[in-house]
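Chemist:
Residue numbers (our numbering), protein chains in the order written: chain A, 306 to 553; chain B, 75 to 459.
1. Throw me the rounded Cβ distance for the residue 133/B and residue 292/B pair, which I believe falls under 8 Å.
2. Determine, for residue 417/A, whether the minimum Cβ-Cβ distance to residues of chain B falls below 8 Å.
3. Do you know offhand how far residue 242/B's Cα is from residue 395/B's?
4. Got a sec? Which residues, its chain only, sit under 8 Å from residue 128/B by beta carbon, not counting five neighbours each side?
5. Using alpha carbons as the reference points, say which of 237/B, 166/B, 240/B lies closest to residue 213/B.
6. Run through the DSSP bridge pairs and tell me what residue 533/A is partnered with.
7. For the beta strand (DSSP E) holding residue 634/A, just list the boundary residues, first then last.
8. Please determine, among 484/A, 525/A, 405/A, 360/A, the residue with the shortest C-alpha to C-alpha distance to residue 449/A.
9. Are the region 143–157 of chain B and the region 229–244 of chain B in contact at 8 Å, needing three or more beta carbon pairs?
10. Closer than 7 Å, Cβ to Cβ, to anything on chain A: give me those residues from the region 315–345 of chain B, in chain order.
11. Between which two residues does the beta strand (DSSP E) holding residue 329/A run?
12. Judging by CA-CA distance, which residue of 544/A, 325/A, 500/A is the nearest neighbour of residue 438/A?
13. Taking residue 479/A as part of the beta strand (DSSP E), name the residues at either end of that continuous run.
14. Please report how far the alpha carbon of residue 400/A lies from the alpha carbon of residue 408/A, in whole angstroms.
15. Say whether chain B places a C-beta atom closer than 8 Å to the C-beta of residue 410/A.
16. Per the DSSP calculation, residue 347/A is bridged to which residue(s)?
17. Check distances from the C-beta atoms of the region 289–312 of chain B to those of chain A and list, in chain order, the residues that come in under 9 Å.
18. Does residue 327/A have its Cβ less than 8 Å from a Cβ in chain B?
19. Quick one: which chain B residues come within Cβ less than 8 Å of residue 493/A?
20. Alpha carbon to alpha carbon, how far is residue 493/A from residue 458/B? Give it in angstroms, no decimals.
21. At what residues does the alpha helix (DSSP H) containing residue 457/A begin and finish?
22. Going by Cα to Cα distance, which pick from 466/A, 506/A, 368/A, 398/A is closest to residue 338/A?
23. Okay, do the region 252–266 of chain B and the region 343–359 of chain B touch, 3+ Cβ pairs below 8 Å being the bar?
24. Would you kindly report the start and end of the unbroken alpha helix (DSSP H) that includes residue 285/B?
25. Determine the direct distance from the alpha carbon of residue 386/B to that of residue 526/A, and round the result to whole angstroms.
26. Helix, strand or coil, according to DSSP, for residue 493/A in the structure here?
27. List the residues of chain B whose Cβ lies closer than 7 Å to the Cβ of residue 480/A, in chain order.
28. Report the rounded CA-to-CA distance for residue 303/B versus residue 222/B, giving the unit in angstroms.
29. How many whole angstroms separate the CB atoms of residue 490/A and residue 465/A, which I take to be in contact at a CB cut-off of 8 Å?
30. If the cut is a Cβ gap below 9 Å, which residues of chain B does residue 467/A touch?
31. Out of 171/B, 411/B, 376/B, 335/B, which one is the CA nearest neighbour of residue 228/B?
32. Determine the DSSP secondary structure at residue 342/A, reduced to helix, strand or coil.
33. Given that a residue counts as buried once 16 or more other Cβ atoms are within 10 Å of its Cβ, and exposed if not, what is residue 545/A?
34. Would a check of beta-carbon distances place residue 79/B closer than 8 Å to chain A?
35. Inspect the beta-carbon positions of residue 334/A and residue 312/A and report whether they are closer than 8 Å.
36. Using 8 Å as the limit for Cβ to Cβ distance, is residue 474/A near chain B?
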């Protein structure tokens, strides 16, 4: 499962829905271990980009490769997940009827065929991994609770924890701080920053303060393609960005 | 503290529902024969052969309810076609029983069943070969419903047919099979189906003792089915299945092949339904195409909803309870049964989403829930503020 050190190449990606181009010749490259923020106004194509990378949406043209030779467009969603790409949804999506512990257990990396999981018994190493992640997302005390009773912020962390269980090379995180309190935002920022280096992380976010607090490199999308890329200061002073987004 | 792991053994302390259910089943399997054999027919406690057959039928329905609960209650797929799998299993057993009649039929043909002689058929159709062997019939009881479910499910799940669309096409499936089996030239006795069975494995099907043994076997099969279903739902695969029910695309993005999980559960569930049908036929003594009727599948879903979907013993208890009520009402007030059943379904859906089991275990559950919630409060929680 060592997918580490792979670069994500998104090249000339175009997706249209009924004539509307959600993505228009989008080209993007995420280096191994990089923490990248992707911003842009509503409808800029941020979520569509994630949908294409994770196999949910098929593009009209363009390529998505993970590492030099893995073509993601030929894989199904579970295959892409197994290849080391994890995704957090915009709306926190956890298994509400299962406990926090069970949620993390299901996210464990490994063989996920029916017969294997039917006979699966938890190993010591797996238990340790779950304990570690519980520690990271600060839900150790809640591990036996059904996840439906967690707060909104805790659900977001649980979902990030589920991504960590998969031990992915690349995490795609869609609006992680939407609806969080300032304290929760601060802790989420610290959590995402701690992943940098070990995992590549792509964060899509609207909250500018949050982006400013975590981002080294920022990509600005507008109408389905990249209009600026660089550090926060460069991006903020780019006249096109000011026109379509920040100044608008 | 690791959460529960699956185990075949029931710990009465941890799993009271299972312990009660299996205990009650054991009591039925022991007490019914005693009441039938040892209590004189004049006594009020005597259970007639008719009574035995009735209980045997309920137990078959309980196996069917387990099958439906597994796919609907746990995996969230509302199949309205399980009567088809039940009937196919029943027909496979019926074909064996027909061949056992041999020359004792009305027309006395040593090979051909009566209906074929009546239709002027000269030889046995190829798909009847082998059904003179019991082992072959057993094999087909599993194979036929299983492979139909495999083929049907493969196409449906691969095309991501879900929700109400899936329910509708399963209704269409069972309806189409019903029409097909009604046709005389299908070779399954048409309208009349199979009946007038003589014996099974050489044992006379008209004898009380044989009915007793069939009842005990059915109770055993129900217990075994229960344990296997319980093993599945309490395994990690069982948690994946519930995860699919609650957040399908999340499960997919975690790397699970959702379609393949659905297919496994659907096929297993169909096989279980087929086994239920096969146990049903020798006890009831007849199988005809009306068993495929769409309403039968819907009734099964009602048993599960009334008992409590998502709890295996709830589904089984619902089957026993609703069918007991049906037997009573259809003889006491035959004209109102369908209304009563419909009203029951509406009331349960509106007021008892967890069924009767939810009502019974409500108080206990509430208590354990607060206990669970208390744990983190006792161990100091890292403050978020």
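Think of the CB as a built atom: it goes at the ideal place given N, C-alpha and C, for glycine as much as any other residue.
Modeler: According to the structure data:
1. Right, their Cβ atoms sit about 4 Å apart.
2. yes
3. 27 Å
4. Correct list, in chain order: 401.
5. 166/B
6. 525/A
7. Residue 634/A lies beyond the range of chain A shown here (306 to 553); nothing can be said about it.
8. 405/A
9. yes
10. Answer in chain order: 316, 317, 320, 321, 324, 326, 327, 328, 329, 330, 331, 334, 335, 338.
11. 325–335
12. 500/A
13. Per DSSP, residue 479/A belongs to the beta strand (DSSP E) from 475–479.
14. 6 Å
15. By this cut-off, residue 410/A is an interface position.
16. According to DSSP, which records beta bridges pairwise, residue 347/A is partnered with nothing at all.
17. 305, 306, 309, 310, 311, 312
18. no
19. Here the premise fails: no neighbours, minimum Cβ distance about 12 Å.
20. Annotation note: pLDDT 35 at residue 458/B (below 50); position unreliable, coordinate value reported separately. Approximately 12 Å, taken between the alpha carbons.
21. Element bounds for residue 457/A: 457–470.
22. 506/A
23. no
24. 282–308
25. 51 Å
26. helix
27. Neighbours of residue 480/A on chain B: none; closest Cβ ~16 Å, over 7 Å.
28. 21 Å
29. Residue 490/A to residue 465/A, Cβ: 13 Å. No contact.
30. Correct list: 324, 328.
31. 335/B
32. Residue 342/A carries a strand assignment under DSSP once its states are collapsed to helix, strand and coil.
33. Per the 10 Å Cβ criterion, exposed.
34. Residue placement at residue 79/B cannot be trusted, given a pLDDT of 46 that sits under 50; what the coordinates show is reported in the next sentence. Yes, residue 79/B lies at the interface with chain A (some Cβ there is under 8 Å from its Cβ).
35. yes
36. Not closer than 8 Å to any Cβ of chain B, the Cβ of residue 474/A fails to qualify, so no.
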